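Since the structure comes first, as structure tokens, the remarks are kept for the end.
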Amino acid sequence: MKRIIPIFMFFIFISMFVYVSFADDIDNETIDVSTELNSFTDTSTETIKEPDVNSRACVVIDRKTNSVLFGKNENTKKKMASTTKIMTATIIIEKCNLSDTIEISKKAAGTGGSRLGLKTGDKITVLDLLYGLMLRSGNDAAVALAEYAGGDINGFAELMNAKALELGLTNTHFETPHGLDSNEHYTTAYELAILSNYALNNPTFAKIVGTKNYTITINGSPKALSNTNELLGNMEGVYGIKTGFTNGANRCLVTACKRNNIDIICVVLGADTKKFRTIDSIKLINYVFNNFVVYDLESFVNKNFEDWKKDNLNTFIINKGLSQDVLLNIENLYISKVPIRKDLINSFEMKVECQKYFKAPVKGNSSIGNIVISNSGKEIAKCNISIMNNIDKKNSSYYFIYLLKNISSIFQKNLL
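In my numbering, the protein residues as written are 58 to 473.
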């Protein structure tokens, strides 16, 4: 009997370890977000200092340009925990009928970690499963959706990886729809931000992750859900998107926030505690909104291009062209305004690379070069330069008329 008790206790310890190791978003640490927000002051009038963060990796990107406003190990592969569900939800919304009803399998119902509380045989719509996935972070909901859309977890993982490839996420790989720790399940802070930006372009996705409280229906009975995102509804401008936690990934948080025409996505991965992930996110978001302004890049380019034309148009040569008059235009400047740190406003530079010698005829709307806009050595944008007008080649008629004019001129001189 004495030998049985230690063995029994050993198995209890092992089972507890396995459960905790695979726990996801089960984080009993409580945070007073208001207190954390109030602990930060506006330092916009002081010398700009980059934030010191606890998270192993983080990034803030501008949603319009995908440009990095701040980064720390943003291109290093990291585990992502339940932020995985951003991809899961994206695929379901794009591929599935959200009004369909799903019957929960034994496998889905038995999934550990954070749960929606589904049982075998439960019936629930795809839309309600999505709310359970993104608000409650239900791993059981993730498996149910994966089985519905991909046949099984492996089949759904193939869909996830195909989508990642489509989006150019070369340092991202998925093995599960929920993000429980797995060696070949990873992303980078930057690529997770890019994925989040893409996902938020879908109105259904944006509505779900921006919902603080929602009531779903399981087997006809209501179930109230609250969003696990501690910044949603507590920090100005925050409108999504997803939390995450496993022992391997530590605390993770993806946040979308918009103020004063600056729209950003902030990603923190690998914070030691829930408090640190909250503080890091607040630090990063405040850093951007306190120290960045929207810069009119289009006006800068247009003004500098006009100055360049004054100095360079007379150097264009159209060999055998009927005209030497060239009409130039800027095309494909997709970025009209960019967020830039206040102390870098006067550091913009524009480089023009342009062909100046042509053989007639020249066809209008032909690209002849490009403009590269940079700031502090970093490329910000690029656009094309085109010749807008057709320039015909001198032909025999031109030379005949030219000859007649010369003869006429000679006769007129002789008559005088």
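The C-beta atom is built at its ideal place from N, Cα and C for all residues, glycine as well.
As the structure is a computational prediction, the values presented were derived from the model and not from experiment.
Q) At least one CB of chain B closer than 8 Å to the CB of Ala328: is that the case? A) No chain B is present in this structure, which holds just one protein chain.
Q. Comparing the CB of Val311 with every heavy atom of the ligand ATP, is any distance shorter than 7 Å?
A. Questions concerning the ligand ATP fall outside what the structure shown contains, since it holds no ligand whatsoever.
Q. In the DSSP assignment, what are the bridge partners of Arg398?
A. On the sequence shown, position 341 is the one that residue 398 refers to. Phe349.
Q) Distance, Cα to Cα, Tyr247 vs Thr229? A) As a working mapping, residue 247 is identified with position 190 in the sequence shown. As a working mapping, residue 229 is identified with position 172 in the sequence shown. The C-alpha of Tyr247 lies about 10 Å from the C-alpha of Thr229.
Q: Look at the alpha carbon of Glu287 and the alpha carbon of Ile428, and state the distance between them as a whole number of angstroms.
A: Taking the sequence shown and counting its residues from 1, one reaches residue 287 at position 230. Taking the sequence shown and counting its residues from 1, one reaches residue 428 at position 371. One C-alpha to the other measures close to 43 Å.
Q | For Thr244, three-class secondary structure by DSSP | A | Here residue 244 corresponds to residue number 187 of the sequence shown, with the count starting at 1. Thr244: strand per DSSP, three-state reduction.
Q: Output the distance between the C-alpha atoms of Ser424 and Lys367, rounded to the nearest integer angstrom.
A: The residue given as residue 424 occupies position 367 in the sequence shown. The residue given as residue 367 occupies position 310 in the sequence shown. C-alpha separation (whole angstroms): 20 Å.
(Q) Measuring straight from C-alpha to C-alpha, what distance separates Ile143 and Asn347? (A) Within the sequence shown, residue 143 is the residue found at index 86, counting from 1. Within the sequence shown, residue 347 is the residue found at index 290, counting from 1. Cα to Cα, Ile143 sits roughly 28 Å from Asn347.
**Q.** Within the segment 114-185, ranges of the beta strand (DSSP E) (whole runs, at least 3 residues)
**A.** Listed in chain order, they are 114-119, 125-129, 158-160, 180-182.
Q. When we look at the beta-carbon of Ala306 and count the other beta-carbons within 10 Å, is it buried (16 or more) or exposed?
A. Position 249 of the sequence shown, counted from the start, is the residue given in the question as residue 306. Burial check for Ala306: the Cβ neighbour count within 10 Å reaches 16 or more, so the residue is buried.
Q. Across which residues does DSSP place Val383 in a beta bridge pair?
A. Indexing the sequence shown from 1 puts residue 383 at position 326. Under the DSSP definition of a beta bridge, Val383 lacks any partner.
(Q) Run through the DSSP bridge pairs and tell me what Val311 is partnered with. (A) Locating residue 311 in the sequence shown gives position 254, counting from the first residue. Looking at the DSSP output, Val311 shares a beta bridge with Lys299, Val324.
Q) Mind pulling the alpha helix (DSSP H) runs of 4 or more residues that sit fully within the segment 351-377? A) Counting only runs of 4 or more, we get 354-369.
(Q) Assuming Leu282 is part of the beta strand (DSSP E), what are its boundary residues? (A) Here the question's residue 282 lines up with position 225 in the sequence shown. Where Leu282 is concerned, the enclosing beta strand (DSSP E) starts and stops at 278-283.
(Q) Here's the rule I'm using: 16 or more other beta-carbon atoms within 10 Å means buried, otherwise exposed. How should Ala219 be labelled? (A) Indexing the sequence shown from 1 puts residue 219 at position 162. Exposed, since its Cβ has fewer than 16 Cβ neighbours within 10 Å.
Q | Cut-off 8 Å between Cβ atoms - residues of its own chain near Ser156, not counting five sequence neighbours on either side | A | To locate residue 156, count along the sequence shown from 1; it is residue 99. The beta carbon of Ser156 is closer than 8 Å to those of Thr182, Val183, Leu184 in its chain, skipping five residues each way along the sequence.
Q: May I ask you to verify whether the segment 296-313 touches the segment 205-224, counting CB pairs closer than 8 Å and requiring at least 3?
A: Contact fails between the segment 296-313 and the segment 205-224, because fewer than three Cβ pairs, one in each stretch, are under 8 Å apart.
Q.
Let me check understanding here. Comparing Cα to Cα, which of Pro108, Glu107, Ser124 lies closest to Ala438?
A. Position 381 of the sequence shown, counted from the start, is the residue given in the question as residue 438. With distances taken between Cα atoms, Ala438 lies closest to Ser124.
**Q.** Beta-carbon proximity list for Ser466, same chain, < 6 Å, skipping 5 on both sides
**A.** The residue given as residue 466 occupies position 409 in the sequence shown. If you ignore the 5 residues before and after Ser466, its C-beta comes within less than 6 Å of no other C-beta in its own chain.
Q: Give me whichever residues DSSP pairs with Glu406 in a beta bridge.
A: Reading the sequence shown from its first residue, position 349 is the one you call residue 406. Within the DSSP bridge table, the entry for Glu406 names Ser431 as partners.
Q: Count the CB pairs spanning the segment 134-151 and the segment 254-272 that are closer than 8 Å, and state whether there are at least three.
A: Yes: at least three Cβ pairs fall under 8 Å.
Q | Expected contact under 8 Å - CB spacing of Thr245 and Glu131 to nearest Å | A | On the sequence shown, residue 245 is found 188 positions in, with the first residue counted as 1. On the sequence shown, residue 131 is found 74 positions in, with the first residue counted as 1. That pair is a contact at about 6 Å.
(Q) Taking a contact to mean a Cβ-Cβ separation below 8 Å, would you say Val311 touches Thr140 in this structure? (A) What you label residue 311 is simply residue 254 of the sequence shown in a count that begins at 1. What you label residue 140 is simply residue 83 of the sequence shown in a count that begins at 1. Against a cut-off of 8 Å, the Cβ pair of Thr140 and Val311 comes out as a contact.
Q.
Given a cut-off of 8 Å on the beta-carbon distance, is the pair Lys377 and Lys315 in contact?
A. Your numbering for residue 377 matches position 320 in the sequence shown. Your numbering for residue 315 matches position 258 in the sequence shown. It is not a contact, given that the beta carbons lie outside the stated cut-off.
Q.
Buried or exposed for Asn432, going by 16 or more other Cβ atoms inside 10 Å?
A. Taking the sequence shown and counting its residues from 1, the one referred to as residue 432 is at position 375. Residue environment analysis places Asn432 among the buried positions, since at least 16 neighbouring C-beta atoms fall within 10 angstroms of its C-beta.
Q | Given Glu355 as reference, the closest of Leu390, Cys323, Leu289, Ile339 once Cα atoms are compared | A | Within the sequence shown, numbered from 1, the residue matching residue 355 stands at position 298. Here the closest residue by C-alpha is Leu390.
Q) What do you get for Asp329, buried or exposed, if any count of 16 or more other CB atoms within 10 angstroms of its CB means buried? A) What you label residue 329 is simply residue 272 of the sequence shown in a count that begins at 1. With a 10 Å radius around the Cβ and a threshold of 16 neighbouring Cβ atoms, Asp329 comes out exposed.
Q: Mind reading off the beta-carbon distance from Ser443 to Asn386? Whole number of angstroms is fine, and I expect it under 8 Å.
A: Residue 443 sits at position 386 when you count from the first residue of the sequence shown. Residue 386 sits at position 329 when you count from the first residue of the sequence shown. The pair is a contact, with the Cβ atoms about 5 Å apart (cut-off 8 Å).
Q. Hey, quick one: how far does the beta strand (DSSP E) through Tyr486 stretch, first residue to last?
A. Residue 486 is absent from the model: the chain starts at 58 and stops at 473.
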